[in-house]
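Residue numbers (the numbering used here), protein chains in the order written: chain A, 1 to 172; chain B, 1001 to 1589. As structure tokens, the structure follows; a few thoughts come after it.
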Amino acid sequence: MRHVISALVQNVPGVLAHISGMLASRGFNINSLAVGPTENDDLSRMTFVVVGDNQVLEQVSKQLEKIVTVVRVIDISTQEYVERDLMLIGVQAETGEKRSEIRELVEIFRGKIVDVGAEQVMIEISGREGKVQAFVDRMRPFGIIELVRTGKIAMVRHGRTNGNTDTESDDG
Amino acid sequence: MATTDSATTNQMISGADILVQALVRNGIETIFAYPGGASMPLHQALLRNKEDLRTILPRHEQGGGFAAQGYARSTGGVGVCMATSGPGATNLVTAIADAKLDSIPLIAISGQVGTPVIGTDAFQETPIVEVCRGITKHHYLLTDVNDIARVVKEAIHIATTGRPGPVLIDVPKDVQLDSCVPDWDVEFSLPGYRAGVATEPADEQINQVAAAIKHAKRPVIYAGGGIIAAEASEQLRELVHKTGIPITMTLMGLGSFPNAEQLSMDMLGMHGAVYANHAVRDCDLLIALGVRFDDRVTGKVSAFAKDAKIVHIDIDPSELNKNKPAHIPIVSDLKLALNKLLPLVEYKDDIDGWREQCQQDKAANPYKYDEGFDGILQQHAIRELSNLTQEMETFITVGVGQHQMWSAQFYQFTRPRSWHSSSGLGTMGFGLPAAMGVQAAHPNALVVDIDGDGSFQMNIQELAACYCEKLPVKVLLLNNQHLGMVVQWEDRFMHGNRAHTYLGPIDDAEAAGKGSGPFAVERYPDFVQIAKGYGCGAASVSKKTDLVDALREMISYDGPFVLDVEVPYQEHVLPMIPSGATVDDMITE
Chain A
1 MRHVISALVQ NVPGVLAHIS GMLASRGFNI NSLAVGPTEN DDLSRMTFVV VGDNQVLEQV
61 SKQLEKIVTV VRVIDISTQE YVERDLMLIG VQAETGEKRS EIRELVEIFR GKIVDVGAEQ
121 VMIEISGREG KVQAFVDRMR PFGIIELVRT GKIAMVRHGR TNGNTDTESD DG
Chain B
1001 MATTDSATTN QMISGADILV QALVRNGIET IFAYPGGASM PLHQALLRNK EDLRTILPRH
1061 EQGGGFAAQG YARSTGGVGV CMATSGPGAT NLVTAIADAK LDSIPLIAIS GQVGTPVIGT
1121 DAFQETPIVE VCRGITKHHY LLTDVNDIAR VVKEAIHIAT TGRPGPVLID VPKDVQLDSC
1181 VPDWDVEFSL PGYRAGVATE PADEQINQVA AAIKHAKRPV IYAGGGIIAA EASEQLRELV
1241 HKTGIPITMT LMGLGSFPNA EQLSMDMLGM HGAVYANHAV RDCDLLIALG VRFDDRVTGK
1301 VSAFAKDAKI VHIDIDPSEL NKNKPAHIPI VSDLKLALNK LLPLVEYKDD IDGWREQCQQ
1361 DKAANPYKYD EGFDGILQQH AIRELSNLTQ EMETFITVGV GQHQMWSAQF YQFTRPRSWH
1421 SSSGLGTMGF GLPAAMGVQA AHPNALVVDI DGDGSFQMNI QELAACYCEK LPVKVLLLNN
1481 QHLGMVVQWE DRFMHGNRAH TYLGPIDDAE AAGKGSGPFA VERYPDFVQI AKGYGCGAAS
1541 VSKKTDLVDA LREMISYDGP FVLDVEVPYQ EHVLPMIPSG ATVDDMITE
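In structure tokens, the structure reads:
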């Protein structure tokens, strides 16, 4: 099972190394790890996607909480939440029919072409992991040159709680 | 404790002085420190503060680390060691890892190259914080002199609260030399550390435990190092006496309950007592207090206490459900939990049959050895030492191996913090330096390192520190010329092939496993001469009839003493549950 864990950590040198070292040395299977600043300069937010059963998840959370610089750990996936993954992808796109086809797909997926070259384009796309993955699959036949993703970030939802954990129409 | 007047005079002082004075202000009285280029300013500051803080010079940084552990383990306070950068710091690593696994409050301070050259592969530079991340409870790399007072305070707080553990403070040389006006009243900056306040159990949880005890037909208490760390031995004893529930202890838990009492089922686990392991196998309620279901205790974990309801109380939430799921898992300080539980329990007069079964098993399967052996067996030497020292304030430390297990089996412990063993990490060479630290904390007590010839040689240089620092540690050296525990495994599981387990010259017959007779043909090295070379008293004994007198001579010697005891190398530690096996696979012959 996949869980999304969010950890608020002190913004001090070495905290990422400490956490990733702990996860590696205890053999936890981490699918993605995203780190970035928060509204508070002293704190950073880490979002993990952990694969494992409930016992594994319990240990990951407890071991994270034991790290002195970890302020708070939440299993986001037990609540209603919004998740996003940001991707930049370079795709082969000769001018002409192929390029139009790509533009059309980018529009359908609410992405953006952010760089245009002679033979290729760079596309920015964000959304739920599944959507980003679907877009990657659509681009594959054109020839993917390069791809980079942030890994999943997530936040608990406090507005609508209609059972739907997410709606793509929220996309900007 | 004397304090300096700098706080009132707003005087600028050096980082090194701030660090040392911060130690003093936080109650540290002894430090084990070995100097080097990057820690010289710190040593100058130690010298300036020698009235308040005793500096003991070990002869190897690892010895200093274990001495600090011995100090911490025997007092319940924090132990402090210091080394220079690079090799000095890496020599501390084993002692730090050891403190992590046994939950010992240790402050390790390392000098570091100056901040301008950090990361340039400077002389004697190692990224010691990186090295130690996974083996410390917390770690600091100081980069600003203004942080020192706070960091020392925080480090001691973290090391000693919650589940104790080691904290590393790495101090670059330029930060030691920089100066500022220290703010001794600075607040902690620990938004993520919640263990500072002792966790209390919910009434509901304790009621559940009391109910489980009330309904149990075959209850057993399984007590570990957490009892000792929580200073809860008194409460534990009261629980056993009040309820009449038999108790077994882990290697770390020895001393929490007196072995001599009837309800003591002694140690459990791989080399635990037959009756302890039987009791845990047969129990219907296992009350696990301050333990972690270590593989050396459980063997095959799924078969451990298979039919029992499990109560597990520990201060560290991550220990609950880690190795073995508990039916009643409780995160709590053990002293608080037991104090809450005690008024709710009463004497269990409905388990007379169970107590009787335990007693019969205990009588039928005691720890035993060949008492008619013509020579000194390791077990016999330990039992005699135990008999001679029961009435004295005695502390025992050990190395790792057969002698360690036999000490755990045959020495009769009565007090918590009187037994010191590298239990989790199993570090050979622990015994002598740990004894040195215990002696520094208890100058008038008898401190005996029961050691093996393998372990002893891993930190034998500390005889010099014992002699020069006037620490009259005694070493009971059970010398079988072999790495006995590995030999035992070779005998049991590897057709007796000797693979580098003989400690004498390679052309001796024993090196190839072709020795004849129970004793090695040669005695190498000459430990008596070595000990005398260091200025210690020393004697050798091989006749059983001479043993007690030799022990008396050792005990009464004024100064450090090594008693080299000739023992056979084919003796095995029994009983034994092979690794990963169950109690029913126990080897007793």
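Built from N, CA and C at the ideal position, the CB exists for glycine as well.
Query raised in the report: Nearest to isoleucine 1587 of chain B by CA position, among B:Phe1493, B:Gln1176, B:Glu1356, is which residue?
Result: Taking the first residue of the second sequence as position 1, residue 1587 of chain B is located at position 587. The shortest C-alpha to C-alpha distance from isoleucine 1587 of chain B to any of B:Phe1493, B:Gln1176, B:Glu1356 is the one to B:Phe1493.
| task | For alanine 1002 of chain B, count neighbouring Cβ atoms within 10 angstroms of its own Cβ and tell me buried if that reaches 16, exposed if not. | result | For the purposes of this step, residue 1002 of chain B is taken as residue 2 along the second sequence, with counting starting at 1. Model confidence at alanine 1002 of chain B stands at a pLDDT of 48, short of 50, so the residue's coordinates are unreliable; what they give is reported in the following sentence. When all chains shown are included, alanine 1002 of chain B counts as exposed.
Worksheet item: Between the stretch 52 to 80 of chain A and chain B, which residues of the former have a C-beta closer than 8 Å to a C-beta of the latter?
Response: Gln55, Glu58, Gln59, Lys62, Gln63, Glu65, Lys66, Ile67, Val68, Thr69, Val70, Val71, Arg72
List the residues that DSSP assigns as beta-bridge partners of serine 1264 of chain B.
Position 264 of the second sequence, counted from the first residue, corresponds to residue 1264 of chain B. DSSP output for serine 1264 of chain B lists B:Ile1247 as bridge partner(s).
_Segments assigned alpha helix (DSSP H), at least 4 residues, entirely inside the stretch 1478 to 1521 of chain B_ = Listed in chain order, the complete alpha helix (DSSP H) runs (minimum 4 residues) inside the stretch 1478 to 1521 of chain B are 1484 to 1493.
- [ ] Measuring only between beta-carbons, confirm whether asparagine 1321 of chain B sits less than 8 Å from chain A.
- [x] Within the second sequence, residue 1321 of chain B is the residue found at index 321, counting from 1. Yes, asparagine 1321 of chain B lies at the interface with chain A (some Cβ there is under 8 Å from its Cβ).
Local Cβ density within 10 Å of lysine 1514 of chain B, reported as buried at 16 or more and exposed below that: Sequence index remark: in the second sequence, residue 1514 of chain B carries index 514 (1-based). Burial call: exposed.
Note to self: Quick check for students: name the residue ranges of the alpha helix (DSSP H) that lie wholly in the stretch 1109 to 1151 of chain B, counting only runs of 4 or more.
What the structure shows: 1128 to 1132
Where tyrosine 1367 of chain B meets chain A, residues with beta-carbon distance less than 8 Å: By one-based count along the second sequence, residue 1367 of chain B stands at place 367. The contacting residues do not exist; tyrosine 1367 of chain B stays about 36 Å from chain A at best.
- Query: Would the stretch 1102 to 1122 of chain B and the stretch 1165 to 1178 of chain B be scored as touching if the rule is three or more Cβ pairs under 8 Å?
  - Reply: Cβ pair count under 8 Å is three or more, so yes.
* Would you be able to state if there are at least three C-beta pairs under 8 Å between the stretch 80 to 96 of chain A and the stretch 1338 to 1357 of chain B? => They do not touch, by the three-pair rule.
Practice task
Would you kindly check if the distance between the Cβ of phenylalanine 1519 of chain B and the Cβ of glycine 1536 of chain B is under 8 Å?
Solution key: On the second sequence, residue 1536 of chain B is found 536 positions in, with the first residue counted as 1. On the second sequence, residue 1519 of chain B is found 519 positions in, with the first residue counted as 1. Looking at the sequence itself, residue 1536 of chain B is cysteine, so the reference to glycine does not match. In this structure, cysteine 1536 of chain B lies away from phenylalanine 1519 of chain B, with their beta-carbon atoms at least 8 Å apart.
Taking 8 Å as the threshold (beta carbon to beta carbon), is methionine 22 of chain A in contact with chain B? In the first sequence, counting from the first residue as 1, residue 22 of chain A sits at position 22. It does; some Cβ of chain B falls within 8 Å.
Counting C-beta neighbours from all protein chains within 10 Å, is the total for aspartate 1005 of chain B 16 or more, i.e. buried, or is it exposed?
The residue given as residue 1005 of chain B occupies position 5 in the second sequence. Any reading at aspartate 1005 of chain B must be qualified, since the residue scores a pLDDT of 49, below 50, and its modelled position is unreliable; no value is offered.
- Message: Could you compute how far the alpha carbon of glutamine 941 of chain B sits from the alpha carbon of proline 1416 of chain B?
- Response: Here chain B has residues from 1001 to 1589 only, and residue 941 of chain B is not among them.
| For leucine 16 of chain A, the nearest candidate out of A:Leu43, A:Gln79, A:Arg138, A:Val4 (CA to CA) | Residue 16 of chain A sits at position 16 when you count from the first residue of the first sequence. Comparing Cα positions, the closest option is A:Leu43.
Practice problem: Throw me the rounded Cβ distance for the leucine 1023 of chain B and leucine 1053 of chain B pair, which I believe falls under 8 Å. | Solution: Residue numbering aside, residue 1023 of chain B sits at position 23 when the second sequence is read from its first letter. Residue numbering aside, residue 1053 of chain B sits at position 53 when the second sequence is read from its first letter. Contact flag correct, Cβ pair sits at about 6 Å.
Beta-carbon contacts of leucine 1388 of chain B that lie in its chain and below 8 Å, excluding the five residues immediately before and after:
Within the second sequence, the letter at position 388 stands for residue 1388 of chain B. Within the same chain, leucine 1388 of chain B has close Cβ partners Val1548, Leu1551, Arg1552, Ile1555.
Next item on the list: Classify threonine 1004 of chain B as helix, strand or coil using the three-state DSSP reduction.
Entry: Within the second sequence, residue 1004 of chain B is the residue found at index 4, counting from 1. Reliability fails at threonine 1004 of chain B, whose pLDDT of 49 lies under 50, so the model's placement of it is uncertain and the value that follows must be treated cautiously. Looking at threonine 1004 of chain B - three-state DSSP - the assignment turns out to be coil, as it is neither helix nor strand.
Exercise. In the structure shown, what three-state DSSP assignment does proline 1172 of chain B receive?
Worked result: One-based indexing of the second sequence puts residue 1172 of chain B at position 172. It is a strand residue.
Host beta strand (DSSP E) of leucine 86 of chain A (start-end) = Here the question's residue 86 of chain A lines up with position 86 in the first sequence. Residues 81 to 92.
For the 8 Å Cβ check, are there 3 or more pairs between the stretch 1120 to 1131 of chain B and the stretch 1067 to 1087 of chain B?
yes
Checklist entry - Does proline 1116 of chain B come within less than 8 Å of chain A when only Cβ atoms are used? => result As a first step, residue 1116 of chain B must be located in the second sequence, where it is residue number 116. Cβ-Cβ to chain A under 8 Å: no for proline 1116 of chain B.
Going by beta carbon distance, what residues of the same chain come within less than 6 Å of glutamine 1461 of chain B, once the five residues before and after it are set aside? What you label residue 1461 of chain B is simply residue 461 of the second sequence in a count that begins at 1. Within the same chain, glutamine 1461 of chain B has close Cβ partners Arg1059, His1060.
Problem - CA-to-CA distance, lysine 1242 of chain B to alanine 1210 of chain B, given in whole angstroms - result: The residue labelled residue 1210 of chain B in the question sits at position 210 within the second sequence. The residue labelled residue 1242 of chain B in the question sits at position 242 within the second sequence. So the alpha carbons of these two residues sit roughly 13 Å apart.
For glycine 117 of chain A, three-class secondary structure by DSSP = As a first step, residue 117 of chain A must be located in the first sequence, where it is residue number 117. Residue state, collapsed to three classes: coil.
*asked:* Taking 8 Å as the limit between beta carbons, can you name the residues of its chain near valine 106 of chain A, skipping five residues before and five after?
replied: Start at 1 with the first residue of the first sequence, and residue 106 of chain A comes out as number 106. Once the five neighbours on either side are set aside, the close Cβ partners of valine 106 of chain A are Lys112, Ile113, Ile123, Ile125.
Taking glycine 1399 of chain B and serine 1455 of chain B to be in contact with their CB atoms under 8 Å, please state how far apart those CB atoms are, rounded to whole angstroms. Here the question's residue 1399 of chain B lines up with position 399 in the second sequence. Here the question's residue 1455 of chain B lines up with position 455 in the second sequence. Correct: roughly 2 Å between the Cβ atoms.
Chain B within 8 Å of phenylalanine 28 of chain A, Cβ atoms only
Taking the first residue of the first sequence as 1, we reach residue 28 of chain A at position 28. No, no contact with chain B.
Select from the stretch 1130 to 1147 of chain B all residues with a C-beta closer than 9 Å to any C-beta belonging to chain A, and list them in chain order. Glu1130, Arg1133, Gly1134, Lys1137, His1138, His1139, Leu1141, Thr1143
Please name the residues in the stretch 1280 to 1308 of chain B whose beta-carbon is closer than 7 Å to at least one beta-carbon of chain A, in chain order.
-> Answer set for the stretch 1280 to 1308 of chain B: empty.
**OP:** Below 8 Å between beta carbons is the criterion; list the residues of the stretch 1157 to 1174 of chain B that meet it against any residue of chain C, in chain order.
**Re:** The displayed structure is made up of protein chains A and B, and chain C is not among them.
(message) I'd like to know if glycine 1533 of chain B contacts chain A, where contact means its C-beta is closer than 8 Å to some C-beta of that chain.
(response) Locating residue 1533 of chain B in the second sequence gives position 533, where the first residue counts as 1. No, no contact with chain A.
Check your understanding: Quick check: the stretch 1497 to 1505 of chain B against the stretch 1479 to 1488 of chain B, are there 3 or more CB pairs under 8 Å?
Key -> yes
Just checking my contact of glycine 151 of chain A with alanine 34 of chain A at CB under 8 Å: how many whole Å lie between their CB atoms?
As a working note, residue 151 of chain A is residue 151 in the first sequence. As a working note, residue 34 of chain A is residue 34 in the first sequence. Glycine 151 of chain A to alanine 34 of chain A, Cβ: 4 Å. Contact.
Exercise for the section: Can you give me, in chain order, the residues of the stretch 1181 to 1193 of chain B that have a beta carbon less than 9 Å from any beta carbon in chain A? Expected result: Ser1189, Leu1190, Pro1191, Gly1192, Tyr1193
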